[in-house]
Amino acid sequence: MNPVAPKIRMGFVGGGEGAFIGQAHRQAAGLDGGFELVCGAFSRDPHNNRQTGAALGLAASRCYHNWQQMLDDEALLPLDQRMELLVIVTPNHLHAPIASQALKAGFHVFSEKPAALNLKELLALRDVLQDSRCLYGLAHTYLGYPMVWQAREMVRSGVIGQVRKVFVEYPQGWLSQDLAAQGNKQAEWRDDPARSGLGGCIGDIGTHAFSLAEFVADQPIQQLCAALGSHVPGRQLDDDAAMLFKMEGGASGMLLASQVCTGEENPLKIRVYGDKGALEWRQEEPASLIHRAVDQPLRVLRSGVGQPWLCEAATRRMRLPAGHPEGYLEAMANLYGDFAQAIRAQVEGPDVPGVPGIETGLRGMAFIEAAIINHRGEAKWTTLETGESQL
């Protein structure tokens with residue numbers, strides 16, 4: 200009988216009662232039984248913080264007033280008791296400062312995206328990470344879906360031939376109205392440059408579309424031409440974006456991201472066209488991958504354990520037979536599962552195989568800055584630069 204692997208001790212910053220993403224992270228981390236929540240600093244509101252900790256079964260002594268106290272006190276505990284992984288699910292402006300201090304204290308980090316408030320801050324975090332020997336991951340959850348990996352493998356193996364065209368779109372409708380004025384905290388901080396960064400919609404969901412395009416097409420976006428807009432009076436940051444882009448391998452494409460598409464839920468979608476065929480994947484129907492080939496009928500590949508036509512990378516990210524839906528939590532759980540495996544294997548950082556990391560964060564931040572620069576300027580095309588901030 201194989202010995203049972205010990206659970207990895209995990210702490211949270213943010214994700215107090217009422218925060219969707221914190222609960223999603225805890226559920227995903229617990230799906231495969233690889234993690235144990237041992238501590239947290241869940242909210243700046245003392246009542247919310249205490250209540251969240253109690254509801255999660257934490258001792259009062261491991262429910263900290265703030266993240267600085269948590270890092271300090273956890274570092275003093277015996278090695279077999281202190282947290283090993285810190286999960287950051289706060290507004291954007293805290294991602295890099297908390298991650299930097301956690302890495303310096305010797306804790307692995309799994310952070311919500313974006314990795315930092317701006318490219319300059321992120322480059323400094325990369326330096327800290329490289330000196331720490333710790334692991335670092337970003338919650339680009341859509342890159343955890345099995346059929347996204349299947350699509351990438353089909354592109355890599357030449358099934359659709361040379362990639363020519365990529366369309367990726369992410370329309371949402373939840374910010375069609377001025378929710379910030381109605382007291383919605385999630386909407387409020389997303390429209391505050393000091394907490395969200397210079398990008399609104401492009402930072403919040405545009406980076407998901409961007410990273411999905413680069414991942415599936417298996418080539419980086421080099422240049423873009425962007426138009427950003429804000430459709431709700433008084434809104435400080437963009438809530439709508441459209442752009443053309445050019446990729447390193449010669450493909451061209453279009454990216455749409457909007458949070459004012461009334462009635463839309465979360466229909467992230469990508470289409471990749473090659474000279475021999477095409478692929479299409481939709482987040483709201485994640486078990487299906489549409490394959491179009493020259494002079495052949497359209498076919499739909501379906502996810503499920505044991506399907507012989509699926510690649511190994513997709514199959515190992517599945518848990519259930521065909522016809523049993525797996526979705527967002529399972530996709531995030533795949534990222535946590537790979538992170539757990541790397542921690543147990545004592546992989547020296549910063550990268551975790553299968554998990555988006557600091558380089559994905561740098562690409563996303565360069566995308567945000569390039570889009571803003573192009574929109575504000577007169578140049579037809581702006582090149583993505585990850586070496587230094589252009590803003």
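For the numbering used here, count along the sequence shown from 1 and bump the result up by 199. A virtual CB, placed ideally from N, CA and C, is assigned to each residue, including glycine.
query                                                                                                                                                  : result
Measuring only the C-alpha atoms, how far is Ser260 from Leu488?                                                                                       : 48 Å
Touching or not, the segment 369-386 and the segment 512-526, by the rule of three or more beta carbon pairs under 8 Å?                                : no
When DSSP labels each residue in this structure, what does Met564 get in the three-state scheme?                                                       : helix
Under a three-way DSSP split, which group does Trp266 fall into?                                                                                       : helix
What is the rounded straight-line gap between the Cα of Pro419 and the Cα of Leu583?                                                                   : 10 Å
Whose C-beta lies closer than 8 Å to the C-beta of Cys460 among residues of the same chain, with five residues either side of it excluded?             : Pro370, Gln371, Gly372, Ser375
Nearest to Gly336 by alpha carbon, out of Pro552, Thr581, Glu273?                                                                                      : Pro552
For Phe538, report the span of its alpha helix (DSSP H) as first-last.                                                                                 : 527-543
Below 8 Å, how does it come out for the segment 236-252 and the segment 204-217: are there three or more Cβ pairs, yes or no?                          : yes
What residues are listed by DSSP as bridge partners for Thr581?                                                                                        : Leu423
The beta strand (DSSP E) that contains Lys364, what's its start and end?                                                                               : 362-370
Measuring only the C-alpha atoms, how far is Leu455 from Met346?                                                                                       : 21 Å
Per DSSP, what are the beta-bridge partners of Arg516 in this structure?                                                                               : DSSP, once it has assigned bridges, lists no residue as partnering Arg516.
Going by the DSSP bridge assignment, what does Asp439 pair with across the sheet?                                                                      : Gly428, Ser457
Do the CB positions of Leu597 and Leu443 come within less than 8 Å of each other?                                                                      : The question about residue 597 has no answer, for the chain in this structure spans 200 to 590.
Taking the alpha-carbon positions, what's the Arg243 to Ser457 distance?                                                                               : 30 Å
Rounded C-beta distance between Leu342 and Glu529? I'm assuming under 8 Å.                                                                             : 13 Å between Cβ atoms; not a contact.
Keeping to the same chain, check which residues put their C-beta closer than 8 Å to that of Glu464; ignore five residues upstream and five downstream. : Gln371, Gly372, Glu483
Quick check on DSSP: helix, strand or coil for Ile297?                                                                                                 : helix
I believe Thr340 touches Tyr527 by the beta-carbon criterion, under 8 Å. Please report the beta-carbon distance rounded to the nearest angstrom.       : 7 Å
Would you call Gln349 buried or exposed, if buried means 16 or more other Cβ atoms sit within 10 Å of its Cβ?                                          : buried
Mark Asn265 as exposed unless 16 or more other C-beta atoms lie within 10 angstroms of its C-beta, in which case mark it buried.                       : exposed
Where does Met200 land, buried or exposed, given buried means 16+ other C-beta within 10 angstroms?                                                    : Unreliable placement is indicated for Met200, whose pLDDT of 44 sits below 50; the coordinate value is still reported in the next sentence. Classification for Met200: exposed.
Roughly how many angstroms separate the alpha carbons of Met209 and Gln361, rounded to a whole number?                                                 : 43 Å
What is the C-beta distance between Leu255 and Asn317, in whole angstroms, given that I count them as a contact (C-beta under 8 Å)?                    : Contact flag wrong, Cβ pair sits at about 33 Å.
If you drop the 5 nearest sequence neighbours on each side, which residues of the same chain put their C-beta closer than 7 Å to that of Arg543?       : Ala204
Going by beta-carbon coordinates alone, are Ser502 and Lys319 separated by less than 8 Å?                                                              : no
Between Arg481 and the rest of its own chain, which residues show a CB-CB distance below 6 Å, the 5 nearest in sequence each way excluded?             : Lys468
Which residue comes first and which comes last in the alpha helix (DSSP H) that contains Met346?                                                       : 345-355
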